[in-house]
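The next block holds one structure in the form of structure tokens; read it before the comments.
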Amino acid sequence: MPVAIISAMYPVAEQVGASRIVKAVSIPHPCGDPGLPSEIDARVRREIVETALKAIHSEVKQPTLFYPNITVSA
Amino acid sequence: MRLELAEFPVSKIVLGKRFHYRSGTLEVDREALTQDLLKDSRIQDARVAVAYPGEKVRITGIRDVVEPRVKVEGKGQVFPGVLGPVASVGDGKTHRLSGMAVVTTAEFEGMVRAGTGVQRSGILDMWGPGAEISRYSSLVNLVLVLRLAHGLPDLEAHTAVQKAEFAVARRLAEATLGQEPRKVETYELKKKAGLPTVVLIQGCLTESHQFHSGVAYYGLSIRESLATFAHPNELFDGAVTVNTTRGIGYFPNSWDWQNHALVMGLYRQHATEINFAGVILERIRYETFHGKEVAAHGAAQLAQALGADGAVVTWLGSGNAFVDVMLTVRACERRGIKTVLVTYEYGGKDGIDSPLLYYVPEAQAVVSTGSRDRWVELPAPQSVIGPYEQIRVLSYPGAPLTPANGPLTFDAHDMLIGGVDNWGRQPWTCKAY
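Next comes the structure, spelled out in structure tokens:
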């Protein structure tokens, strides 16, 4: 089963050999940025989840990083 | 900056009717001491006890450990920013009572109910396998047993405990005023030509969002700061202090900052094998990888500005903050500063799990100070000192209580004060199987 991990410590995920790694916002808030206004945060959240879904659909041979297209305050 | 540390060793503490020091015996005015403690309305009950190495005694509810010291020459006073104003310390002369400590225990509930800010306390066994693990079991300990007012917020509790322990520590050291010390050691960073320059990079895990971050400099919690320079003599005078609501094995106590094992080691080699150039306090536990990289860059750049050829890199705490530490090793090595990392290991019950959270190829020289994860079996004590007769092995709200006067099993060293040897004070042996 294809798996993607959303992680703020993406180099650690890479080191332990996770297959698909999505760069998260921060350790306490991986999938969002409470420092942003809520409507902008909602966009950030959506982009991270969509990147993760795209990652699951991607063939990978080694630990591979996927970068959501977001700008965060952290 | 030049500091003379005058040593007055203590091998016996007598609870008597005056404050007096003579040839290894410290007499403590028990009544005056407890009356002073009770002047703070946040402290509702105060008792004093003594625990000697080898006694079958278990101490519960430990919040901090501190060595009695008092400044007799030079600017400022011990524990600046806590006991008195922010006046630069580390110069002049300081008296210390060696071989003993004030171990402060306190009962309070706090208002934080969960997470990394919830109040915790540790235990110390003065004999047996628990004593072998903790550095504090070899000291003659004056134990303060405090009960705090009901419903006290955590920051108030911290302030009450810390002021109490530091005031007692200074009061005890004042018993040596006017007396000749057993010996005097002089500490200064004057360089000798032709020797390599070495700094200590001290990673400090701090919780920026908690009421106390965990590590304070001149009484100020270090939050999301970049690396800063501290003179090692400032540590000797108590400029770095800790959060006293969280007594945990992998967090050094005030005593450890006053007697920092790596600072002492670097000073021992100073001007003979190396030039010790001071301490860099690096805040670690940034919440993004970006933050960790910038913190590491800042510490390495400061080390280079201090002329470092080498850096001893160490840390305190647990968890993701270790990533910042490894990135600091990498940042130093990439600048041509040779590093040695000093750290405890995880490794699990049998020592076969991954010993560290994160690795970089530049970390070529690593000194292990032992495993934090080895299980510990503690036999029953003959007596218990401290505010808790039952303890919580787990820290979540409503966790079950275990009698402190029975045998105990721990799956890690976290509950033992001094349970993790962060900075390599004790002799450890490694066995390969």
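So the protein sequences, as listed, match chains A and B. For the first sequence, the working numbering assigns the number 9 to the initial residue and increments by one for each residue that follows. For the second sequence, the working numbering assigns the number 160 to the initial residue and increments by one for each residue that follows. Beta carbons: idealized from backbone N, C-alpha and C, even for Gly. Predicted, not measured: the structure shown is a model, and the values here were computed from it.
Legend entry - Residues of its chain near B:L385, where Cβ-Cβ distance is below 6 Å and the 5 sequence neighbours each way are ignored: Excluding sequence neighbours, B:L385 sits near G457.
Inset, instruction - Leaving aside the five residues before and after B:Q541 along the sequence, list all residues of the same chain whose C-beta is less than 6 Å from its C-beta, in chain order. - result: Closer than 6 Å at Cβ, skipping near neighbours: K215.
Legend entry - Residue of B:N479, B:D512, B:S530 and B:L486 minimising C-alpha distance to B:E504: Nearest C-alpha to B:E504 among B:N479, B:D512, B:S530 and B:L486: B:S530.
Inset, instruction - Check B:A524 in the structure and name its three-state DSSP category. - result: Correct three-state label for B:A524: coil.
Inset, instruction - Would you mind reading off the limits of the beta strand (DSSP E) that contains B:E166? - result: It spans R161 to P168 - the beta strand (DSSP E) in which B:E166 sits, taken as one unbroken run.
Legend entry - Run of the beta strand (DSSP E) containing B:L301, from where it starts to where it stops: V299 to L307 is the extent of the beta strand (DSSP E) around B:L301.
Legend entry - chain B residues whose Cβ lies nearer than 7 Å to that of A:S34: Scanning chain B for C-beta atoms nearer than 7 Å to the C-beta of A:S34 yields E446 and T447, reported in chain order.
Legend entry - Members of the segment 491-520 of chain B that neighbour chain A once the beta carbon cut-off is set at 8 Å: Correct list: L516, Y517 and Y518.
Legend entry - Nearest-angstrom Cα separation, counted from A:I14 out to A:L61: The alpha-carbon separation between A:L61 and A:I14 amounts to approximately 11 Å.
Legend entry - Of the listed residues B:P559, B:G476, B:P391 and B:T219, nearest to B:Y426 (C-alpha basis): Residue B:P391 is the option with its Cα nearest to B:Y426.
Inset, instruction - Leaving out five residues on either side along the sequence, give the residues of the same chain with a beta carbon under 8 Å from the beta carbon of B:M285. - result: So the list reads A210, Y211, P212, G213, E214, K215, V216, R217, I218, S296 and N300, once near-sequence residues are dropped.
Inset, instruction - Could you tell me whether the Cβ of A:S20 comes closer than 8 Å to any Cβ of chain B? - result: Per the sequence shown, the amino acid found at residue 20 of chain A is Val instead of Ser. By this cut-off, A:V20 is an interface position.
Legend entry - Closer than 8 Å at the beta carbon, the chain A residues around B:V526: By Cβ distance, chain A contributes nothing, its closest Cβ being about 22 Å from B:V526, past 8 Å.
Inset, instruction - Kindly say whether B:V482, judged by its beta-carbon, lies nearer than 8 Å to any beta-carbon of chain A. - result: Yes, B:V482 counts as interfacial toward chain A.
Inset, instruction - Excluding the 5 residues preceding and the 5 following B:V501 in the sequence, name in chain order all residues of the same chain whose CB lies nearer than 6 Å to its CB. - result: The residues are T473, V526 and G583.
Inset, instruction - Please compile the residues from chain B whose C-beta is within a distance smaller than 7 Å of the C-beta of A:M17. - result: Near A:M17 (Cβ distances below 7 Å), the residues of chain B are F448, N479 and V482.
Inset, instruction - Kindly give me the distance between the Cβ atoms of B:Q203 and B:L307, rounded to whole angstroms, as I take these residues to be in contact under 8 Å. - result: A Cβ-Cβ separation of about 7 Å places B:Q203 in contact with B:L307 under the 8 Å criterion.
Inset, instruction - Determine the contact status of B:P566 and B:L537, defining contact as a CB-CB distance below 8 Å. - result: Pairing B:P566 with B:L537 gives a Cβ-Cβ distance under 8 Å.
Inset, instruction - Rounded to whole angstroms, what's the CA-CA distance from B:S477 to B:L364? Just pull it up for me. - result: Distance between the alpha carbons of B:S477 and B:L364 is about 8 Å.
Legend entry - Reduced DSSP category for A:P19 - H, G, I as helix; E, B as strand; rest coil: The DSSP-derived three-state label of A:P19 is helix.
Inset, instruction - Round the Cβ separation of B:R201 and B:A319 to the nearest angstrom and send it over; I've been treating them as touching at under 8 Å. - result: With 8 Å as the limit, B:R201 and B:A319 qualify as a contact, their Cβ atoms being about 4 Å apart.
Inset, instruction - In angstroms with no decimal places, state the Cα-to-Cα distance between B:E548 and B:A522. - result: When rounded, the distance between both Cα atoms is 45 Å.
Inset, instruction - Please report how far the alpha carbon of A:V52 lies from the alpha carbon of A:N77, in whole angstroms. - result: For A:V52 and A:N77, the distance between alpha carbons rounds to 8 Å.
Legend entry - Residue closest to A:V33, alpha-carbon to alpha-carbon, out of A:F74, A:R54 and A:A16: Residue A:A16 holds the alpha-carbon nearest to the alpha-carbon of A:V33 among A:F74, A:R54 and A:A16.
Legend entry - Same chain, Cβ closer than 6 Å to B:W414, five either side skipped, listed in chain order: The residues V224, V225, E226 and A260, in chain order, have a CB closer than 6 Å to that of B:W414 in the same chain once the five nearest residues on each side in sequence are set aside.
Inset, instruction - Using only alpha-carbon positions, find the residue among B:V277, B:A352 and B:A591 that is nearest to B:T431. - result: It is B:A352.
Inset, instruction - May I have the straight-line CA-CA distance separating B:D483 from A:F74, to the nearest angstrom? - result: Cα atoms of B:D483 and A:F74: separation of roughly 22 Å, rounded to the nearest angstrom.
Inset, instruction - Run the CB neighbour count on B:A191, radius 10 Å, all protein chains shown included, and call it buried at 16 or more, exposed below. - result: That one is exposed.
Inset, instruction - Can you say whether B:C491 is buried or exposed, counting buried as having 16 or more other CB atoms within 10 angstroms of its CB? - result: Buried, since its Cβ has 16 or more Cβ neighbours within 10 Å.
Inset, instruction - For B:I292, I'd like the list of residues in its chain whose CB is within less than 8 Å of its CB, leaving aside the five on either flank, ordered along the chain. - result: Short of 8 Å from the beta carbon of B:I292, and not among the five residues preceding or following it, lie these beta carbons of its own chain, in chain order: V535, H572, L575, G577 and G578.
Legend entry - Segment contact flag, the segment 233-241 of chain B with the segment 276-285 of chain B, C-beta cutoff 8 Å, min 3 pairs: Too few Cβ pairs lie closer than 8 Å, so no.
Inset, instruction - May I have the straight-line CA-CA distance separating B:V471 from B:T498, to the nearest angstrom? - result: Approximately 6 Å between the Cα atoms of the pair.
Legend entry - Reduced DSSP category for B:Y211 - H, G, I as helix; E, B as strand; rest coil: B:Y211 falls in the coil class under three-state DSSP.
Inset, instruction - Verify the CB distance criterion: does A:Q23 have a CB-CB separation below 8 Å to chain B? - result: Interface annotation, A:Q23: in contact with chain B, CB-CB separation under 8 Å.
Legend entry - Own chain, CB closer than 7 Å to B:K342, minus 5 neighbours either side, in chain order: Taking B:K342 as the centre and dropping the five residues before and after it, the same chain places the C-beta of E166 closer than 7 Å to its C-beta, in chain order.
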